[in-house]
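Using the numbering used here, read the sequence shown as starting at 94 and increasing by one per residue.
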Amino acid sequence: MKGRAWFGRRVIKTGVAVFVTASICHLMDLPVMFAVITAIVTTEPTAADSLKKGVIRLPAAALGALFAISLNFCIGQSALTYALVAMLTITTCSKLRLDTGTLVATLTAVAMIPGTTDHVITDFITRMSGTSVGIIVSTLVNFIVLPPKFGPILVGKVDKLFHQAGSSLQLATDHLLCDSEGERTHYYRKLHEQLTNTYQLTQFQYDEWRYRKSTEFERRSFGFLQKKLDYLHLFLFHIGKLCHLRMNQSISPQEYKAVMGAVNSFKTIINDPYHQMDSSHYVQIEELKLIKENHATNQPVLYQLCSELLSLHTAASELALITTDERRFSIQEQAYPDYVFSKKLQYD
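As structure tokens, then:
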């Protein structure tokens, strides 16, 4: 377990890429430094990214090498040479829309300046050969060695986001009813950023499936996890609206208790991996409806608060239904990925 914590898949793949790159360069008598730098910075989260960016990084690195050797030949090794090489490489890559290769090209270009000779063509071929080895090896290693599995990672992140959403809902409602001056939108904004990053994982998996085989059950389970993210996005929409409300009238202790009771019930449902609803929750919902009817005109903020919570109930009910259906399907099909509904998540 400690080894997994210290050395993740991407770290291991980077080490393998560096080792293979250095070994090839030693055998072919090529400059190791340029190749190793390239191998380190070109390891990507997915094989798809490696293939797409590798095609761009090769010409970008060639441009950087050309600028480095040419300027070193013309004006020698000086601070101005390093600055001009970096500026020309970045600008040219931007103009030619080789943005994903800018970092690799710039790093390898400035690293090529020391040790260059008067043999311009030989230097260019030698250094580009080493850089090309680094790019090609890192791409192949990323494609072959330890292919990424985003499903278990996504399950863990989705569960964590739902727990945070429940806490954010409770905090926002409590601050609203108590007219607290605390920053209610801070946690909401942070949660929204994490949701955006988690959506990116789904795109990584779909990109990976363009080059790898997948089963029907893997795609179905991934579709279910993406639906959960969509509902979480809907929850955050309603929580965000609550964060921007301002209570301008006091409420009775009975109303406060009813509203917070419903919110705590929502938190329990959101935190539950199966999102189950019991009979007590529906009692809380009826109390919310009654409060909403009683304050339709005389207390618009409380009325809007109840409306948002009732909308949240509708979304939570739909989520509970699709989760129950998917869980039932997973029990019936042995080939269904076991990490989706397992209590203990693993990333093998």
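We treat Cβ as the ideally placed atom computed from N, Cα and C, and that holds for glycine. All values derive from a computational prediction rather than experimental measurement.
DSSP, reduced to helix, strand and coil, places Q397 within a helical segment of the structure shown. Remark: C-beta atoms of G157 and T199 approach each other more closely than 8 angstroms. Comparing alpha carbon positions, the residue from L262, L294, L123 and Q298 closest to G333 is L262. Taking C-beta atoms under 8 angstroms as the contact rule, Y432 and P240 fail to qualify, at a distance of about 16 angstroms. Annotation: the region 358 to 423 contains the following complete segments of the alpha helix (DSSP H) (minimum length 4 residues), in chain order: 372 to 387.
A direct Cα-Cα distance of roughly 23 angstroms separates L254 from T139. Taking the Cβ atoms as the reference, M370 lies roughly 6 angstroms from A413, within the contact range of under 8 angstroms. In the structure shown, D431 falls within a coil segment according to DSSP collapsed to helix, strand and coil.
By the neighbour-count criterion, in which a residue is buried when 16 or more other Cβ atoms sit within 10 angstroms of its Cβ, E379 is exposed. K188: member of the alpha helix (DSSP H) spanning A172 to K188, first to last residue. Annotated as distal: L177 and L159, with beta-carbon spacing of 8 angstroms or more.
In its chain, beyond the 5 residues on either side, M126, F127 and I130 have a beta carbon closer than 7 angstroms to the beta carbon of A204. Across the structure, I362 and M340 are spaced so that their CA atoms are roughly 26 angstroms apart. With 16 or more other Cβ atoms inside 10 Å of its own Cβ, Y281 counts as buried. The beta carbon of Q287 lies closer than 7 angstroms to those of L254 in the same chain, with the five residues before and after it left out. DSSP, reduced to helix, strand and coil, places D122 outside both helices and strands of the structure shown, so it counts as coil. In the three-state reduction of the DSSP assignment, N341 falls in the coil class, being assigned neither a helical nor a strand state. In this structure, DSSP gives R305 a state outside helix and strand, which the three-state scheme calls coil. C167: member of the alpha helix (DSSP H) spanning A140 to I168, first to last residue. Bounds of the alpha helix (DSSP H) holding G249 are F243 to L270. Excluding sequence positions up to five before and after S400, its CB lies within less than 8 angstroms of the CB of K385, all in the same chain and listed in chain order. Here L270 is near I344, since their CB atoms are less than 8 angstroms apart.
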